[in-house]
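Asks: Numbers in the working numbering are just positions in the sequence shown, counted from 1, shifted up by 166. First the structure, which I've put down as structure tokens, then a few questions once you've had a look.
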Amino acid sequence: MTATLVKETGPPPVLVPDRRRRARRRGRIIALAFVLPALLLLGALVVYPVLFSVGRSFFDASGTRFVGGDNYTEMFRDPATIKAIRNSTIWVVVAPTLLTALGLVLAVLVEKIRWATAFKLLLFMPMAVSFLAAGIIFRLAYDEDPDKGVLNAAVVGVHDTFKATSSYPTARARDGQGLTHSADGSYRTTAAATPGHTVGLGLVGVLPGDLPKDARPAYPAAGRAAAGDELRGVVYLDFTPGGGGEQGKVDRRESGLPKMKVEAVRDGRTAASTTTAADGSFRFGGLGSGAYTLRLPASNFAPPYEGVSWLGPALVTPAIIGAYLWIWTGFAMVLIGAGLAALPRDALEAARMDGANEWQIFRRITVPLLAPVLTVVFVTLVINVMKVFDLVYIIAPGPVQEDATVLATQMWLVSFGGGNNQGLGSALGVLLLLLVIPAMVFNVRRFRRSSR
Numbered sequence: 167m168t169a170t171l172v173k174e175t176g177p178p179p180v181l182v183p184d185r186r187r188r189a190r191r192r193g194r195i196i197a198l199a200f201v202l203p204a205l206l207l208l209g210a211l212v213v214y215p216v217l218f219s220v221g222r223s224f225f226d227a228s229g230t231r232f233v234g235g236d237n238y239t240e241m242f243r244d245p246a247t248i249k250a251i252r253n254s255t256i257w258v259v260v261a262p263t264l265l266t267a268l269g270l271v272l273a274v275l276v277e278k279i280r281w282a283t284a285f286k287l288l289l290f291m292p293m294a295v296s297f298l299a300a301g302i303i304f305r306l307a308y309d310e311d312p313d314k315g316v317l318n319a320a321v322v323g324v325h326d327t328f329k330a331t332s333s334y335p336t337a338r339a340r341d342g343q344g345l346t347h348s349a350d351g352s353y354r355t356t357a358a359a360t361p362g363h364t365v366g367l368g369l370v371g372v373l374p375g376d377l378p379k380d381a382r383p384a385y386p387a388a389g390r391a392a393a394g395d396e397l398r399g400v401v402y403l404d405f406t407p408g409g410g411g412e413q414g415k416v417d418r419r420e421s422g423l424p425k426m427k428v429e430a431v432r433d434g435r436t437a438a439s440t441t442t443a444a445d446g447s448f449r450f451g452g453l454g455s456g457a458y459t460l461r462l463p464a465s466n467f468a469p470p471y472e473g474v475s476w477l478g479p480a481l482v483t484p485a486i487i488g489a490y491l492w493i494w495t496g497f498a499m500v501l502i503g504a505g506l507a508a509l510p511r512d513a514l515e516a517a518r519m520d521g522a523n524e525w526q527i528f529r530r531i532t533v534p535l536l537a538p539v540l541t542v543v544f545v546t547l548v549i550n551v552m553k554v555f556d557l558v559y560i561i562a563p564g565p566v567q568e569d570a571t572v573l574a575t576q577m578w579l580v581s582f583g584g585g586n587n588q589g590l591g592s593a594l595g596v597l598l599l600l601l602v603i604p605a606m607v608f609n610v611r612r613f614r615r616s617s618r
């Protein structure tokens, strides 16, 4: 019996499209349709200006002649640009470091107070203020006039509390009336005075309204006779309200100048010193015989203390950084506080049970665990600081604008603020972009790692 093998053959294979592949393709098309407007906007507002600036940096100020790398060479030869790079370096080193440290300290301390939310809100409120408004606020706060600038008002108030100021900064002597002005700012009598005499020292330049409230008429004191071993005198305002009177002579309506320091000088040395009374009178008792020169020291005429020149060439950059700290401290505190809230409390409690004090816990546990958050805050602030423009441009006065300039303000000044050299300005913009890119790349990579 034989068997026949029959090979069964099925129907020919049919190619069926992969439904999953089509679904993925459709999803990509839909996603691209949604993303396309944003990409077009990003290209028009970011990519195109960047490419245009790079190309423009190779042309001259007019934009018609190709100059190659001359703008980049000129950029590093320009003293103003060098100063801008130096100031930007100061900003990058100082501002993010201080902000991160302040944010860390405040975030740790806020955790230990009762009204933590209200305190955070109070510190975060400056973030709601625009840089323009903040610049105007601090421009007024830093004003050198104590009547306008709140900081100088406080400094002058503290200074005047511990060190008295002169009551007669505008006083001066009349020419040819017995007093001569010395190089050190003091006034001396031209004629020698001897014990047993009364001397009148007349000054002008003091408004009657500026006299101390306890000032009294000088006329009675001018008529007092001096004993044989004493030297008397009166310092008075040689001015009669309403006119009249005689120059160089104490009239009845002329006021004495109280609290004026007077010295009796002999052979170049101060033999005696005193201060005038309410009527301007003074006396030196127990003087030896001989001739003395009376001197009104320069301290009587010293100008009032005006405070600190916050916006001068030396302090303008630290002053603007202070304004920046006021705005961004709340930002750093809130971000670091969020990271602090996510820390494992069992590690902190275990350290306390092992006998660690709060400083050791902060230094050896809190800070190392917060290192990723601190890094993100620091790098973010570095990127923001390198682009700072508003505060520098608004707070720094015109005469010291160059002393406070950073790369962003220098780029604007060179391009539009009077330089009218957009080739050099574009080169500065490219330099700023190259400096910002590494920090941006670092931040993006860290975000990707944290998301994984």
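Every residue, glycine too, gets a C-beta built ideally from N, C-alpha and C.
Roughly how many whole angstroms lie between the Cα atoms of Thr255 and Ala498?
Replies: Their backbone Cα atoms lie some 20 angstroms apart in a straight line.
Asks: Might you give, ordered along the chain, the residues of its own chain that have their beta carbon closer than 7 angstroms to the beta carbon of Asp380, omitting 5 neighbours on each side?
Replies: Pro424, Ala444, listed in sequence order.
Asks: Assuming Arg185 is part of the alpha helix (DSSP H), what are its boundary residues?
Replies: Unbroken alpha helix (DSSP H) run through Arg185: 185-208.
Asks: Pick from Val276, Arg192, Val370, Gly344: whose alpha carbon is nearest that of Pro335?
Replies: Comparing Cα positions, the closest option is Val370.
Asks: Span of the alpha helix (DSSP H) holding Leu268?
Replies: Unbroken alpha helix (DSSP H) run through Leu268: 245-276.
Asks: Measure the Cβ-Cβ separation of Thr442 and Arg354 and say whether it is below 7 angstroms.
Replies: No.
Asks: Among Arg511, Arg611, Glu472, Ser421, which has the Cα closest to the Cα of Ala320?
Replies: Cα-wise, what sits closest to Ala320 is Glu472.
Asks: Report the three-state DSSP secondary structure of Lys379 (helix, strand or coil).
Replies: Coil.
Asks: What does a CB cutoff of less than 6 angstroms around His325 pick up in its chain, not counting 5 residues either side in sequence?
Replies: The residues are Tyr471.
Asks: Taking 7 angstroms as the cut-off, decide whether the C-beta atoms of Ala574 and Val482 are in contact.
Replies: The answer is no: Cβ separation not under 7 angstroms.
Asks: Measure the alpha-carbon distance for Trp476 versus Gly591 and round it to whole angstroms.
Replies: About 29 angstroms.
Asks: Taking DSSP as the reference, what is the three-state secondary structure of Val322?
Replies: In the structure shown, Val322 sits in a helix (DSSP, three-state: H, G or I).
Asks: Tell me whether Leu277 is buried or exposed, calling it buried when 16 or more other Cβ atoms sit within 10 Å of its Cβ.
Replies: Contrary to the premise, residue 277 reads as Glu rather than Leu in this sequence. Classification for Glu277: exposed.
Asks: Please identify the residue among Arg398, Leu198, Val602, Arg305 whose C-alpha is closest to the C-alpha of Gly488.
Replies: It is Arg305 whose Cα lies nearest to the Cα of Gly488.
Asks: In the DSSP assignment, what residue or residues form a beta bridge with Val401?
Replies: Answer by DSSP bridge pairing, in chain order: Leu367.
Asks: Using only alpha-carbon positions, find the residue among Ile531, Glu420, Leu501 that is nearest to Lys286.
Replies: For Lys286, the nearest C-alpha among the options comes from Leu501.
Asks: Can you tell me whether Leu181 is buried or exposed? The criterion is at least 16 other CB atoms within 10 Å of its CB, across all chains shown.
Replies: Summary for Leu181: the model assigns pLDDT 45, below 50, so the residue's position carries little reliability, and this model does not support an answer.
Asks: Taking 6 angstroms as the limit between beta carbons, can you name the residues of its chain near Phe555, skipping five residues before and five after?
Replies: So the list reads Ala574, Thr575, once near-sequence residues are dropped.
Asks: Under 8 angstroms by Cβ, that's how I've got Val558 and Val548 pegged, so tell me the actual separation to the nearest angstrom.
Replies: Rounded, the Cβ-Cβ distance is 17 angstroms, inconsistent with contact.
Asks: For Gly368 versus Asp404, is the C-beta spacing smaller than 7 angstroms?
Replies: For Gly368 and Asp404, yes; Cβs fall inside 7 angstroms.
Asks: In the structure shown, what three-state DSSP assignment does Gly235 receive?
Replies: Coil.
Asks: Taking the C-alpha atoms as reference points, what is the distance between Phe225 and Leu601?
Replies: Spanning the two alpha carbons is a distance of roughly 22 angstroms.
Asks: So, helix, strand or coil for Leu462, using DSSP?
Replies: DSSP places Leu462 in strand when its eight states are reduced to three.
Asks: Measure how close the beta-carbons of Glu420 and Arg461 come, nearest whole angstrom, since I'm counting them as under 8 angstroms.
Replies: In fact, because the Cβ distance is near 22 angstroms, the residues do not count as touching under 8 angstroms.
Asks: Measure the alpha-carbon distance for Ile603 versus Val610 and round it to whole angstroms.
Replies: Straight-line Cα distance between these residues: approximately 10 angstroms.
Asks: Compare the C-alpha of Phe582 against each of Ala227, Pro312, Ala300 and name the closest.
Replies: That would be Ala227, whose Cα lies nearest to the Cα of Phe582.
Asks: Between Gly344 and Ala384, which are expected to be in contact by the criterion C-beta below 8 angstroms, what is the C-beta distance as a whole number of angstroms?
Replies: That belief does not hold up - the Cβ atoms of Gly344 and Ala384 are roughly 15 angstroms apart, past 8 angstroms.
Asks: Going by other Cβ atoms of all chains shown within 10 Å of its Cβ, with 16 needed for buried, is Phe232 buried or exposed?
Replies: Exposed, because fewer than 16 other Cβ atoms sit within 10 Å of the Cβ of Phe232.
Asks: Which residues in the same chain as Asn253 place their Cβ atom closer than 6 angstroms to its Cβ, once the five residues preceding and following it in sequence are excluded?
Replies: Correct list, in chain order: Thr483, Val572.
Asks: How far does the alpha helix (DSSP H) with Tyr490 in it extend, from its first residue to its last?
Replies: 482-507 is the span of the alpha helix (DSSP H), which, as asked, contains Tyr490.
Asks: Scan the region 540-568 and note each continuous alpha helix (DSSP H) run of 4 residues or more that stays entirely inside, going in chain order.
Replies: Whole alpha helix (DSSP H) segments, 4+ residues: 556-561.
Asks: Can you give the Cα-Cα distance for Val372 and Arg418, rounded to whole angstroms?
Replies: Cα-Cα distance, rounded: 18 angstroms.
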